[in-house]
Each structure stands twice: as C-alpha cells, then as structure tokens.
Amino acid sequence: MTQPLKLRLMALIEAELPADGRLPTERALAERFNTSRRLVRQALDQLEVEGLVWRKQGSGTYAGQPQDPTGDLAARIAGETDPIQVMEARLCIEPELAALCAVRMTDDEITRLRTLATRQVAADAQTIELWDGALHRLIAQCARNRPLLTAFALLDRIRSNPDWVAVRARARSRSSMAVPHSEHEVLINAIAARNPHAARQAMHDHLSARFMALQAEFDGTTREAGE
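Take 1 as the starting number for the sequence shown in the UniProt record's numbering and just add one per residue.
Quick look at the structure:
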C-alpha cells in the first residue's frame, strides 16, 4: 500500500527539495498525494530505515543522513587519506558489523535488507551507489553497537567526498565493479541463517571484490594524472 507512495516521495526528494533538504510536513504531503497522514508516516518510516531520510524532533524530516559529530572530522580526514585507505578501514569494521547482525537483526529487518539488494539489479551506476549505501547502512544500524556505528558513519561521511564519488562512479560503470546480486545474496543468507562466522566471511569477500575493482580504477586515474 505504501510502496507507490514511497516512490513518489523519492521522486520528490530527488527533484523538488529546498537547499536544506527539508521535506514538507506530513499534512502537506498527505494533501499533495491525496492520501492519509498515516500512510505518509509509514512511507517515511520505511525511507528512514533505508537511510534516505532522517527526522529532527520539532523541526521536520530531511533528505539524506543526519548531521553528526563526525562531520568536521570526516572533512579533515578526507583531505589526508584516499579511497584505498578507507576501503582498508571498511574491511576491518564491516565484517564485524555483519557478524553482529547475524545474531541481532530481526526478521523484518532482514526482509528490508533483501528489498534493498533487489533494487540494485539492472540499475545504473548512480542508483547502485544509492541502494548499496543504504544496504550497508542498514547492516551497520542493525548491528546495534554504537561505537562501531559511529566508526561506520565516519567512513561513510568521508566516502561522500565528491572526488571519491566520481572515482567510484567510474569504477561502477565497468563490469568489474558492478555489484553482483549473488554477493549480497550470500551475505544476506548468512545473516538470515544466524551464522555470524559465515556473515563475517561473506562481507569480507564482498568488500574485497569491490576493493580490487576500486584499486584498479584508482591506480588508472593516478597514472592518467601523471601523464
């Protein structure tokens, strides 16, 4: 029931929001889409779980991720590191997040994880980037470990550096960087089976494959800059 409404909200987010990313009120959205506030709230709940919007009490709903204390630090680190180092850090953190998810994620959350993985099939590079990020964010959130989530959020903010996004977009446009659905399927199946060891290995294998493709693109970009 909320799926068509959620798609319309996503279209609104992509095309019509003000500079601060604030969405209209639930009442205004209900009137705009000729539906109830309850359905609007449910659709926004789903978008929030997927990491596409966030809410600030007394202020409203905003597109993207909430500001956090890691913001200034991320901006500083982005100028002192490179995508390769960030991927090395992800390989240290995200396999453990996946292992924790295998024992802490609810069945409903696993269902949402499968939905996010499915949305990447036959998508363009930009859409893959969006949904892949949402999938990894959901895993980080559902591990329910605040220190690890903060570390993940810091890396996620660093990865939003425009130059790095451009490198990943070029890499994803190549067949070697396209995220095979099978990689996410193996990961999600391990989490659903409540097998932390398998989930840890699946995430490690998934990130290692992305790491090799990104490294090849990054090395090629560096060589071109030096010519």
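For each residue, glycine too, the CB sits at the ideal point set by N, CA and C.
Is it buried or exposed for Arg27, if we count other Cβ within 10 angstroms and need 16 for buried?
Against the sequence shown, residue 27 aligns to sequence position 27. Its Cβ having fewer than 16 others within 10 Å, Arg27 is exposed.
Thr61 versus Ala192 - alpha carbon distance:
Sequence index remark: in the sequence shown, residue 61 carries index 61 (1-based). Sequence index remark: in the sequence shown, residue 192 carries index 192 (1-based). Rounded to the nearest angstrom, the two C-alpha atoms are 31 Å apart.
Unbroken alpha helix (DSSP H) run spanning Thr115, endpoints
Against the sequence shown, residue 115 aligns to sequence position 115. Element bounds for Thr115: 107-118.
Mind checking whether Leu155 and Arg90 have CB atoms under 8 Å apart?
To locate residue 155, count along the sequence shown from 1; it is residue 155. To locate residue 90, count along the sequence shown from 1; it is residue 90. A Cβ-Cβ contact shorter than 8 Å links Leu155 with Arg90.
So which of Leu44, Gly21, Glu16 has the shortest CA-CA distance to Thr4?
Along the sequence shown, read from residue 1 onward, the residue named residue 4 stands at position 4. The question names Thr, but residue 4 in the sequence shown is Pro. Of the candidates Leu44, Gly21, Glu16, the residue whose Cα lies closest to the Cα of Pro4 is Leu44.
My assumption, with CB atoms under 8 Å, is that Ala134 sits in contact with Leu52. Please give the rounded CB distance.
Here residue 134 is taken as the residue at index 134 of the sequence shown, counted from 1. Here residue 52 is taken as the residue at index 52 of the sequence shown, counted from 1. Cβ-Cβ separation between Ala134 and Leu52: approximately 7 Å, consistent with a contact (criterion under 8 Å).
When burial is assigned at 16 or more other CB atoms within 10 Å of the CB, is Pro95 buried or exposed?
Here the question's residue 95 lines up with position 95 in the sequence shown. With 16 or more other Cβ atoms from the protein chains shown falling within 10 Å of its own Cβ, Pro95 counts as buried.
In chain order, which alpha helix (DSSP H) runs of at least 4 residues are fully inside the region 6-51?
Within the region 6-51, the complete alpha helix (DSSP H) runs of at least 4 residues are 26-32, 37-49.
Taking only the alpha-carbon atoms, compute the straight-line gap between Asp20 and Thr127 and give it to the nearest angstrom.
Walking along the sequence shown from the start, residue 20 turns up at place 20. Walking along the sequence shown from the start, residue 127 turns up at place 127. Going from the Cα of Asp20 to the Cα of Thr127 covers about 22 Å.
Taking only three categories from DSSP, how would you classify Met177?
Taking the sequence shown and counting its residues from 1, one reaches residue 177 at position 177. Model confidence at Met177 stands at a pLDDT of 47, short of 50, so the residue's coordinates are unreliable; what they give is reported in the following sentence. If DSSP states are grouped into helix, strand and coil, Met177 belongs with coil.
Under 6 Å Cβ to Cβ from Ser175, same chain only, skipping five residues before and after it: list those, please.
On the sequence shown, residue 175 is found 175 positions in, with the first residue counted as 1. Its pLDDT being 48, under 50, Ser175 is placed unreliably in this model, and the value from its coordinates should be taken loosely. Result list for Ser175: empty, nothing under 6 Å.
So if DSSP puts Thr61 in a beta bridge, which residue, or which two residues, is it bridged to?
If you number the sequence shown from 1, residue 61 lands on position 61. Checking the DSSP bridge columns, you'll see Thr61 partnered with Arg55.
N-terminal and C-terminal residue of the alpha helix (DSSP H) that Glu80 is part of:
Along the sequence shown, read from residue 1 onward, the residue named residue 80 stands at position 80. Note, Glu80: premise wrong, no alpha helix (DSSP H); not H, not E.
Look at Pro196 and Ala117 and say whether their C-beta atoms are less than 8 Å apart.
Locating residue 196 in the sequence shown gives position 196, counting from the first residue. Locating residue 117 in the sequence shown gives position 117, counting from the first residue. Taking 8 Å as the Cβ cut-off, Pro196 and Ala117 do not qualify as a contacting pair.
Identify which residue in Gln85, Ile84, Phe152, Arg41 has its Cα closest to the Cα of His136.
Within the sequence shown, residue 136 is the residue found at index 136, counting from 1. Comparing Cα-Cα distances from His136 to each of Gln85, Ile84, Phe152, Arg41, the minimum goes to Phe152.
Taking Ala143 as part of the alpha helix (DSSP H), name the residues at either end of that continuous run.
In the sequence shown, the residue the question calls residue 143 occupies position 143. From DSSP, Ala143 is part of no alpha helix (DSSP H); its letter is neither H nor E.
Beta-carbon within less than 8 Å of Leu148's beta-carbon, same chain only, minus the 5 sequence neighbours each way: which residues are those?
On the sequence shown, position 148 is the one that residue 148 refers to. Counting only Cβ-Cβ distances below 8 Å, and skipping sequence neighbours, we find Ile93, Glu96, Leu97, Leu100, Ala140.
Presumed contact (8 Å Cβ cut-off) between Leu113 and Ile188, rounded CB distance:
On the sequence shown, position 113 is the one that residue 113 refers to. On the sequence shown, position 188 is the one that residue 188 refers to. With a Cβ gap of about 5 Å, Leu113 and Ile188 count as contacting.
Could you give the C-beta distance for Glu109 and Cys142, rounded to a whole number, given that I count them as a contact under 8 Å?
Reading the sequence shown from its first residue, position 109 is the one you call residue 109. Reading the sequence shown from its first residue, position 142 is the one you call residue 142. That belief holds up - the Cβ atoms of Glu109 and Cys142 are roughly 5 Å apart, short of 8 Å.
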